[in-house]
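Have a look at the structure below, then the notes.
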Amino acid sequence: MRPSSSFIAASGVRISCAIPDVSVFCDFINSATLSKARFTATTVFLLFPDNIQALATTVAGVLAVLAPTVGPIVGGWLTESYSWQWLFLINVVPGILAAGVAARSLPSQRTSFSRLRGFDAAGLAAMATALICLEIGLKEAPTSGWLSITGGGLFVVASISAAFFIWRSLCTSSPLVDLRNFQDRNFLVGSTLSFVLGIGLFGSVYMMPVFLAFVRGHNALEIGMTMLVTGIAQLCTAPIAVALEKRIDPRLLSAAGFTLFAVGIGMSAWQDPTTDFDAMFWPQVVRGVSIMFCLLPPTRLALGTLSADHVPDASGLFNLMRNLGGAIGIALIDTVIYTRSELLGQRIWNGLEKGNLAVAEYVGVPTAIVAGHQGSFDEQTTATLDPLVQTAATVRALNEAWAMIAVMTFLAILLIPFARNVASKAGRLESSRHF
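Positions 72 to 506 (my numbering) are the ones given, in order, by the sequence shown.
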């Protein structure tokens with residue numbers, strides 16, 4: 072059932088033509104993904120004995136990081152050879168195979184249709200409306216304006232729907248999602264860390280292709296080859312992270328992971344128009360090494376103190392917070408790019424018109440053109456320099472976005488001391504739920 076919903080949604084994205092249509096099906100994919108995360112966690116916990124649960128967790132973790140390792144290459148090749156829609160359609164055949172293997176191999180249980188009587192359809196409709204309006208609003212707001220009729224209207228609808236969903240979840244006896252889990256201090260801290268990780272994780276994956284495509288002029292396959300570094304570093308670190316999280320206080324591992332992740336993000340805040348694979352290598356390595364330490368220990372913190380009957384709902388919320396952070400983070404990045412590029416471009420022009428050789432070198436303008444120059448350039452020179460100035464302004468705006476995310480990631484570390492420690496055995500069982 073879980074794989075089926077994923078490849079049906081992927082097919083919907085494939086045939087979609089407009090942003091709203093794609094957003095609806097992507098929300099469907101996100102819902103199916105959260106469901107599969109809970110399903111996989113339950114499988115690891117229930118089907119494997121205690122003595123090999125650590126091995127099962129390691130295998131699940133390694134498989135989980137294969138996607139960011141091979142995804143950029145495969146995605147780049149598909150985009151270059153066919154079209155971007157095939158990024159979603161490629162999931163259909165594996166989804167069918169996964170559904171068949173699961174149906175044949177996993178233990179069956181008797182279906183209880185009586186549980187549908189208490190299904191909160193109104194809560195589901197409110198949650199779906201809130202998430203869809205929020206996602207489309209975040210996508211449109213940076214260009215149309217946060218207070219425009221389109222952006223503002225979508226946010227108003229999202230806010231009203233979210234308020235109704237929260238009220239419904241807290242008042243009904245059988246809520247769609249149990250928001251009372253946020254009363255647990257550890258879960259609140261862990262979910263906040265997951266939210267911030269989503270900003271940094273999805274934000275970095277978003278900004279690198281923007282830079283490589285619009286500044287460096289690379290195609291999708293070349294971008295995938297460059298971004299492969301993060302996936303390889305993440306893949307190599309996964310077994311180490313799984314081993315350490317069973318032996319070390321998750322608060323210490325979380326602090327170390329987020330510190331390293333913030334450093335890796337901050338290292339990308341010093342790019343210039345000539346930056347390419349070599350300069351991007353070590354920031355990617357640092358981020359890739361830290362990602363698993365930003366995933367496993369916070370998961371243990373968030374879920375390790377909850378009772379078994381609260382874990383399914385809590386694990387879904389925990390993953391939702393990361394996806395929500397990614398959506399909001401990308402919107403903030405777009406806002407920085409759209410609002411700061413023009414101002415930064417004007418500053419670059421001012422520097423060139425004053426004969427600033429450092430600015431000329433950064434932009435890539437021959438120093439002979441600006442050396443000793445004062446005042447405005449003639450029309451022909453302005454037309455020649457304008458593309459270079461726009462590119463340099465975009466790079467500086469991206470650098471500010473990298474710096475913004477790095478600061479947010481550092482600030483998240485301040486929350487970790489408020490969390491309680493988690494018993495090692497509970498952590499070992501609960502951390503597997505992330506996958």
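The C-beta atom is built at its ideal place from N, Cα and C for all residues, glycine as well.
- If you draw a straight line from the Cα of Val434 to the Cα of Val441, it is about 12 Å long.
- The three-state secondary structure of Asp405, taken from DSSP, is helix.
- It is roughly 41 Å from the alpha-carbon of Ala398 to the alpha-carbon of Phe448.
- In this structure, Ser325 is the residue among Arg287, Ser325, Val130 with its C-alpha nearest to the C-alpha of Ile484.
- Counting along the chain, Pro165 sits inside the alpha helix (DSSP H) bounded by residues 163-176.
- Leaving aside the five residues that flank Trp157 on each side, the residues in its chain whose CB is nearer than 7 Å to its CB run, in chain order, Leu149.
- Counting only the Cα atoms, Asp384 lies some 17 Å from Ala233.
- DSSP places Lys317 outside both helix and strand once states are collapsed to three, so it counts as coil.
- If the five residues before and after Ile294 are omitted, its C-beta is found closer than 8 Å to the C-beta atoms of Pro143, Gly147, Met279, Pro280, Leu283, Ala284, all from its own chain and listed in chain order.
- Excluding sequence positions up to five before and after Thr406, its CB lies within less than 8 Å of the CB of Ala212, Pro213, Trp217, all in the same chain and listed in chain order.
- Check the Cα spacing between Asp457 and each of Ala429, Trp420, Pro165: the tightest is with Trp420.
- Contact annotation: the region 408-419 touches the region 457-471, with at least three C-beta pairs closer than 8 Å.
- The count of Cβ pairs closer than 8 Å, one atom from the region 298-313 and one from the region 153-172, stays below three, leaving the stretches out of contact.
- When the Cα atoms are used, Val460 and Gln417 turn out to be separated by approximately 9 Å.
- In the displayed model, Val281 falls within a helix according to three-state DSSP.
- The residue from Ala454, Thr455, Leu377 with its alpha-carbon nearest to that of Gln254 is Leu377.
- Under the three-state reduction of DSSP output, Val360 falls in the helix class.
- Burial check for Ile167: the Cβ neighbour count within 10 Å stays below 16, so the residue is exposed.
- Here Phe226 is actually not in contact with Ala197; their C-beta atoms are around 15 Å apart, not less than 8 Å.
- Of the residues assessed, Asn290 falls on the exposed side of the cut-off, its CB having fewer than 16 other CB atoms within 10 angstroms.
- For the pair Phe332 and Leu268, the CB atoms are nearer than the 9 Å cut-off.
- In the structure shown, Ala442 adopts coil according to DSSP, grouped into three states.
- Under the three-state reduction of DSSP, Ala309 is assigned to helix.
- Here Leu366 is buried, its C-beta having at least 16 other C-beta atoms within 10 Å.
- Comparing C-alpha distances from Leu315 to each of Trp155, Glu471, Arg371, Ala402 shows the shortest one belongs to Arg371.
- Its chain contains Thr438, Val441, Ala442 as the residues whose beta carbon lies nearer than 7 Å to that of Leu428, once the 5 sequence neighbours on both sides are disregarded; these appear in chain order.
- Annotation for Thr480: the continuous alpha helix (DSSP H) segment containing it runs 450-483.
- Cβ-Cβ distances below 6 Å link Thr308 to Val360, Met363 in the same chain, with the five nearest sequence neighbours on each side left out; the list follows chain order.
- Inside the region 241-286, DSSP marks whole alpha helix (DSSP H) runs of 4 or more residues at positions 256-285, from first to last along the chain.
- Counting the other Cβ atoms within 10 Å of the Cβ of Ile220 gives fewer than 16, which makes it exposed.
- Our two residues, Lys425 and Ala431, have alpha carbons roughly 10 Å apart in a direct line.
- In the displayed model, Asn290 falls within coil according to three-state DSSP, outside both helix and strand.
- Distance between Gly194 and Ile231, taken at the CA atoms: about 12 Å.
- Taking 8 Å as the upper bound for CB-CB distance, Ala340 and Ala474 are in contact here, some 4 Å apart.
- By the criterion of a C-beta distance shorter than 7 Å, Thr480 is surrounded in its chain by Val267, Gly271, Phe329, Phe332, Ala333, Ile336, once the five residues flanking it on both sides are discounted.
- Separation of the CB atoms of Phe389 and Ala379 is rounded to 15 Å, and the pair is thereby denied contact status at 8 Å.
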